[in-house]
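2 protein chains.
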Amino acid sequence: MKPIMEVAGLIGVEEEELEMYGRYKAKLSPSLYERVKSRKDGKLVLVTAMNPTPAGEGKTLTTIGLAQALNALGHKTVAALREPSLGPCFGMKGGATGSGRAQIVPSEDINLHFTGDLHAITSAHNLLAAMIDNHMYHGNPLRLNPQRIVWKRAMDMNDRSLRGIVTGLGEGNGTVREGSFLITTASEVMAVLCLSEDIEDLKQRLGRMIIGYSQEGEPVTAAQIGAVEAMTILLKDAVKPNLVQTLEGTPVIVHGGPFANIAHGCSSVIGTRLALKLGEIVVTEAGFGADLGAEKFMDIKCRQAGLKPEAAVLVVTVKALKYNGGAAKDRLHEPDMQALTAGLANMKRHVENLKKFGVPAVVAINHFADDLPEEVERVLAECGAMQVPAAVSKVWADGGSGGRELAEALVGLLEENASSYRPLYELETDIRSKIGTIVREIYRGAGVEYSPSALRSLAEIDKSGYGSVPVCMAKTQYSFSDQPRLLGAPEGFTVQVREISLSAGAGFAVVQTGSIMTMPGLPKSPAAEHMSIDGDGKVSGLF
Amino acid sequence: MKPIMEVAGLIGVEEEELEMYGRYKAKLSPSLYERVKSRKDGKLVLVTAMNPTPAGEGKTLTTIGLAQALNALGHKTVAALREPSLGPCFGMKGGATGSGRAQIVPSEDINLHFTGDLHAITSAHNLLAAMIDNHMYHGNPLRLNPQRIVWKRAMDMNDRSLRGIVTGLGEGNGTVREGSFLITTASEVMAVLCLSEDIEDLKQRLGRMIIGYSQEGEPVTAAQIGAVEAMTILLKDAVKPNLVQTLEGTPVIVHGGPFANIAHGCSSVIGTRLALKLGEIVVTEAGFGADLGAEKFMDIKCRQAGLKPEAAVLVVTVKALKYNGGAAKDRLHEPDMQALTAGLANMKRHVENLKKFGVPAVVAINHFADDLPEEVERVLAECGAMQVPAAVSKVWADGGSGGRELAEALVGLLEENASSYRPLYELETDIRSKIGTIVREIYRGAGVEYSPSALRSLAEIDKSGYGSVPVCMAKTQYSFSDQPRLLGAPEGFTVQVREISLSAGAGFAVVQTGSIMTMPGLPKSPAAEHMSIDGDGKVSGLF
Numbered sequence: 000m001k002p003i004m005e006v007a008g009l010i011g012v013e014e015e016e017l018e019m020y021g022r023y024k025a026k027l028s029p030s031l032y033e034r035v036k037s038r039k040d041g042k043l044v045l046v047t048a049m050n051p052t053p054a055g056e057g058k059t060l061t062t063i064g065l066a067q068a069l070n071a072l073g074h075k076t077v078a079a080l081r082e083p084s085l086g087p088c089f090g091m092k093g094g095a096t097g098s099g100r101a102q103i104v105p106s107e108d109i110n111l112h113f114t115g116d117l118h119a120i121t122s123a124h125n126l127l128a129a130m131i132d133n134h135m136y137h138g139n140p141l142r143l144n145p146q147r148i149v150w151k152r153a154m155d156m157n158d159r160s161l162r163g164i165v166t167g168l169g170e171g172n173g174t175v176r177e178g179s180f181l182i183t184t185a186s187e188v189m190a191v192l193c194l195s196e197d198i199e200d201l202k203q204r205l206g207r208m209i210i211g212y213s214q215e216g217e218p219v220t221a222a223q224i225g226a227v228e229a230m231t232i233l234l235k236d237a238v239k240p241n242l243v244q245t246l247e248g249t250p251v252i253v254h255g256g257p258f259a260n261i262a263h264g265c266s267s268v269i270g271t272r273l274a275l276k277l278g279e280i281v282v283t284e285a286g287f288g289a290d291l292g293a294e295k296f297m298d299i300k301c302r303q304a305g306l307k308p309e310a311a312v313l314v315v316t317v318k319a320l321k322y323n324g325g326a327a328k329d330r331l332h333e334p335d336m337q338a339l340t341a342g343l344a345n346m347k348r349h350v351e352n353l354k355k356f357g358v359p360a361v362v363a364i365n366h367f368a369d370d371l372p373e374e375v376e377r378v379l380a381e382c383g384a385m386q387v388p389a390a391v392s393k394v395w396a397d398g399g400s401g402g403r404e405l406a407e408a409l410v411g412l413l414e415e416n417a418s419s420y421r422p423l424y425e426l427e428t429d430i431r432s433k434i435g436t437i438v439r440e441i442y443r444g445a446g447v448e449y450s451p452s453a454l455r456s457l458a459e460i461d462k463s464g465y466g467s468v469p470v471c472m473a474k475t476q477y478s479f480s481d482q483p484r485l486l487g488a489p490e491g492f493t494v495q496v497r498e499i500s501l502s503a504g505a506g507f508a509v510v511q512t513g514s515i516m517t518m519p520g521l522p523k524s525p526a527a528e529h530m531s532i533d534g535d536g537k538v539s540g541l542f
Numbered sequence: 000m001k002p003i004m005e006v007a008g009l010i011g012v013e014e015e016e017l018e019m020y021g022r023y024k025a026k027l028s029p030s031l032y033e034r035v036k037s038r039k040d041g042k043l044v045l046v047t048a049m050n051p052t053p054a055g056e057g058k059t060l061t062t063i064g065l066a067q068a069l070n071a072l073g074h075k076t077v078a079a080l081r082e083p084s085l086g087p088c089f090g091m092k093g094g095a096t097g098s099g100r101a102q103i104v105p106s107e108d109i110n111l112h113f114t115g116d117l118h119a120i121t122s123a124h125n126l127l128a129a130m131i132d133n134h135m136y137h138g139n140p141l142r143l144n145p146q147r148i149v150w151k152r153a154m155d156m157n158d159r160s161l162r163g164i165v166t167g168l169g170e171g172n173g174t175v176r177e178g179s180f181l182i183t184t185a186s187e188v189m190a191v192l193c194l195s196e197d198i199e200d201l202k203q204r205l206g207r208m209i210i211g212y213s214q215e216g217e218p219v220t221a222a223q224i225g226a227v228e229a230m231t232i233l234l235k236d237a238v239k240p241n242l243v244q245t246l247e248g249t250p251v252i253v254h255g256g257p258f259a260n261i262a263h264g265c266s267s268v269i270g271t272r273l274a275l276k277l278g279e280i281v282v283t284e285a286g287f288g289a290d291l292g293a294e295k296f297m298d299i300k301c302r303q304a305g306l307k308p309e310a311a312v313l314v315v316t317v318k319a320l321k322y323n324g325g326a327a328k329d330r331l332h333e334p335d336m337q338a339l340t341a342g343l344a345n346m347k348r349h350v351e352n353l354k355k356f357g358v359p360a361v362v363a364i365n366h367f368a369d370d371l372p373e374e375v376e377r378v379l380a381e382c383g384a385m386q387v388p389a390a391v392s393k394v395w396a397d398g399g400s401g402g403r404e405l406a407e408a409l410v411g412l413l414e415e416n417a418s419s420y421r422p423l424y425e426l427e428t429d430i431r432s433k434i435g436t437i438v439r440e441i442y443r444g445a446g447v448e449y450s451p452s453a454l455r456s457l458a459e460i461d462k463s464g465y466g467s468v469p470v471c472m473a474k475t476q477y478s479f480s481d482q483p484r485l486l487g488a489p490e491g492f493t494v495q496v497r498e499i500s501l502s503a504g505a506g507f508a509v510v511q512t513g514s515i516m517t518m519p520g521l522p523k524s525p526a527a528e529h530m531s532i533d534g535d536g537k538v539s540g541l542f
């Protein structure tokens, strides 16, 4: 690892613009953005993916490796990534810092407490929760209805026992009511932090968050509870982007990590904007497959922040193609040209979808050691037939040099200046039309059915004056549809909308299809059981 | 503020032994202790206090000011303090970084997330909790009794609604059972971290913590749950002491902050030991008045860590003396020589008590602007009559120079080498005798009454082989007795022991007299409502 000061120097960041957290991590001071904000933006590239297998297809890995490869080709590149959460790290998924030779470092620190951003978000979230119950305890002047408090509590941990709780039991302990904990990444505070432009905007957004309803049925906000300034104080450092590096010394801004279902799943606007001022190319990613991640990146983040994506990289794997073509989950390592060929329909649809945003795409085949040459050739041939550039990416095994072909294909695309980015839908239509457009154009479903509760929420949101927000779809990541087993390129299905809720601070309406888990559980043998640390603090088994 | 590297240089700490958190905070690397551990220890001084008014008597303030004064006199001094908790900071008490001209800085950072130690402790605590419920969810091979899980959850927030909860509600969310949240400072993980000698000892202690009982009534430990390595990984940086400075550039180690009732209320052993290798004099404090703080400092921390306190400073105020002499809480600013004279009995008893530990004392009169000269004279005269050195301390108004007299008195005492420190009681007697000794010798009560539940616990602890641990008294801070309104120097009272529980990891038996609150609530108008932050991140109203 290079000292982070040296990495910062590569992109023209000066020493006094860094707030050091040890030798290898730093926060970037707001004065840096002030100094560079009038510069021309670099080119923004989104890394997204086809519908994945449960193991994931390597978006983070590809983002890191691609940034390394671009730098090696002489293009000053900054990657912009999300921050890991402790929950999955100690549960099942492992870390979120890439792997093999495409990693960000110090990975141990980044996967643990990093610079404390998630802890700050947890604290701000729970301060608001405590102040809400405290308000009711001390006379409840706002006439909050304890049965309609929608603000939950948060913890950065996988703990299924906290999904359904009752609080306030015992004499003198306040109002007895049902409650729940979210994992911190699912907190609206996280989404707000990631979409905010600066501290002022952060305050405004926090203030708009709806915490519940009065006895008269009127929404009550965090501003009315008087929590906004204190919450912002808790977030004042968390709002500053973090700088780390890849194994090859490429600068990476790691900042924010909202859920990709009930939130938009992208790293922070503040971090992305700053990266665009510091790099000629900025490579970033968005959670889940392109049907969710890319759509929300384009329709929520880029639209709101005025960003223009110049290209998209669609990560596919031979395994995921076979999986989408009907191969069994535990036989994906076996040759199966029939399943592979059938699965190409999934890739094809994602490429078509990306074009609907006016953004040119390149396909990255994230290569595994057991992929057969004829399988890879088949994918490349399909891309050729679709006239979409494609490249095999071996960044896991070879780091930046394994991404050279992909980087060259991407640079070729960028040099064409072919992006005519536009969001999929207009904001000034009603929520229902926006949902309809996404289902029709991106998912290719036949229609949408709303639960009675969702219809009531639709009416409420339109009445509240928030009808022109974008929609944030919460859907299974495994299928274009809302049914996890409908793989490939399904058609004719109807999407069931169960709940719609307004995240007024984040500025979107969350549309829940199916049941969305906002607090994961631990598996039978959690990752935590297989870790160790010696007397000198040396850790193993963390990721 | 000086750069922390410069402050570290004053006590011979080298650059590579610092892990920077910005320019003004650093963690001290374990390699530093390795380098200096064979040095002779400096002289350890405890700052403690008489029984306080609800506003507190200024122990932290005096500790900071005294360290500044000692440095000004040419004695290389390091202060060792506890870390603040977010709960009180956003609730009522305000920060814990001193005030006036005796403050540690950067106070805003220290009072907020600091270097993340409390967040790490919260995470480690809650990982264990999640793993316990997860164990029951996945077949419960240890046959845990869900009605006898004693491990609670933790949050660094004042939130009374979490004192009594039910968890696990809803299908698929685990075992429904009663639970509770503690404030993080009350977590046994905090006590363990503060008493540990190093990472190995930390692991051993975490492993011994009792999390509940099996269906057969046998204690089950954190080690059996398989959580210890992962918890230690979460704590690997939190275990390193933090270095900051006072307003006058005096080095201060701020590390750990356990509750002073259900825990021992002292900063970390690791931090104190390190301070003793770096300073000629180390000034530290212990929570609450001397009946609780000094007793536990002497009987738990110093005994276990092999530390020898050379002197104690007893902080008194004219207001607290009047309060202990019967003056009303809201009239303490008015002259009342009769109440003052009566209240001197409280001070006198604390001085006598300190001598029972073989530790010589000096009285510090923490001066307020509205103290009358005759009031101060009366206190000094009483000290003269008792033949205990005393000095007026004006460190709030004047910083180190306001503590010169106190520092000189202390140095005089230290030069006499008069300490013959010894704990109050032997460990190798039963728990009941130890409690009896403290009540008789320190509190001066007539006897102790045990609830049936406490008697059962006594038998259990003796049976478990933990009978030789020290006791950790949890009692009101306002009185020598267990009755908050019994002020002054009460006699003839009986202490009621309600519960006794074993903190096997910390290594003490907690003796609860009265009801002990381990999760505070917010007041009607919490401090959080009166804070603000501007667009440049400038904070006001935080403390």
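First to last, the protein sequences are chains A and B. 0 is the number of the first residue of the first sequence in numbering that gives the first Met the number 0; add one for each residue after it. 0 is the number of the first residue of the second sequence in numbering that gives the first Met the number 0; add one for each residue after it. For every residue, glycine included, the Cβ atom is placed at its ideal position computed from N, Cα and C.
Taking a 10 Å sphere around the C-beta of A:Glu294, we find 16 or more other C-beta atoms and assign the residue as buried. For B:Ile532, the chain A residues whose Cβ falls inside 8 Å of its Cβ are Ile198, Lys202, Glu228, Thr231, Ile232, Lys235, in order along the chain. Any Cβ of chain B closer than 7 Å to the Cβ of A:His124 would place that residue at the interface, and such an atom is absent. Counting only runs of 3 or more residues that sit fully inside the stretch 487-516 of chain B, the beta strand (DSSP E) segments are 493-502, 507-512, in chain order. By the CB criterion at 7 Å, A:His74 and A:Ile252 fall outside the cutoff. Counting of Cβ neighbours within 10 angstroms places A:Pro451 among the exposed residues, the total staying below 16.
When Cβ-Cβ separations below 7 Å define contact, A:Tyr20 makes contact with chain B. Contact with chain A is found for B:Asp158, since one of that chain's Cβ atoms lies less than 7 Å from the residue's Cβ. Scanning B:Glu187, B:Arg100, B:Ala95, B:Ile109 for the CA closest to the CA of B:Ile120 turns up B:Glu187. For B:Lys523, a Cβ of chain A is located within less than 7 Å of the residue's own Cβ. Residue pairing by DSSP puts B:Lys26 in a beta bridge opposite B:Glu18, B:Asn241. Taken atom to atom, the span from the alpha-carbon of B:Ile532 to that of A:Ala505 is near 20 Å. Between B:Glu407 and B:Leu43, the C-beta gap is not smaller than 7 Å, which leaves the two residues out of contact.
Within the model, the alpha-carbon separation for B:Pro469 versus A:Gly256 is close to 46 Å. B:Thr249 is classed as buried because its beta carbon has at least 16 other beta carbons within 10 Å across all chains shown.
For B:Gly97, the beta-bridge partners assigned by DSSP are B:Gln102. In this structure, A:Ala341 lies near A:Gly324, with their beta-carbon atoms less than 7 Å apart. DSSP places B:Met0 in the coil class of the three-state scheme, outside both helix and strand. By the Cβ-count criterion, A:Thr493 is exposed, with fewer than 16 other Cβ atoms from all chains shown falling within 10 Å of its own Cβ.
For the 7 Å CB-CB criterion, B:Gly288 and B:Asn50 form a contact.
For A:Ser213, the enclosing beta strand (DSSP E) stretches over residues 209-213.
In the structure shown, B:Arg162 falls within a coil segment according to DSSP collapsed to helix, strand and coil. Contact annotation: in the stretch 362-373 of chain B, no residue has its CB less than 7 Å from a CB in chain A. Counting only the Cα atoms, A:Ala101 lies some 6 Å from A:Trp395. With respect to the C-alpha of A:Asn416, the residue from A:Ser195, A:Glu381, A:Pro359, A:Gly399 having the closest C-alpha is A:Pro359. For B:Asp155, the residues of chain A that pass the 8 Å Cβ criterion are Ser122, in the order they occur in the chain. In the pairwise beta carbon analysis, the stretch 153-160 of chain A is classified as touching the stretch 510-529 of chain A: at least three pairs are separated by under 8 Å. Taken through DSSP and simplified to helix, strand or coil, B:Thr62 comes out as helix. Closer than 7 Å at the C-beta level to chain B, one finds these residues of the stretch 157-184 of chain A: Asn157, Asp158, Arg159, Ser160, Leu161, Arg162, Gly163, Ile164, Val165, Thr166, Gly167, Leu168, Gly169, Asn172, Gly173. Beta-bridge pairing by DSSP links A:Val312 to A:Val46, A:Val361.
Interface residue (Cβ-Cβ distance to chain B less than 7 Å): A:Val243 is not classified as such.
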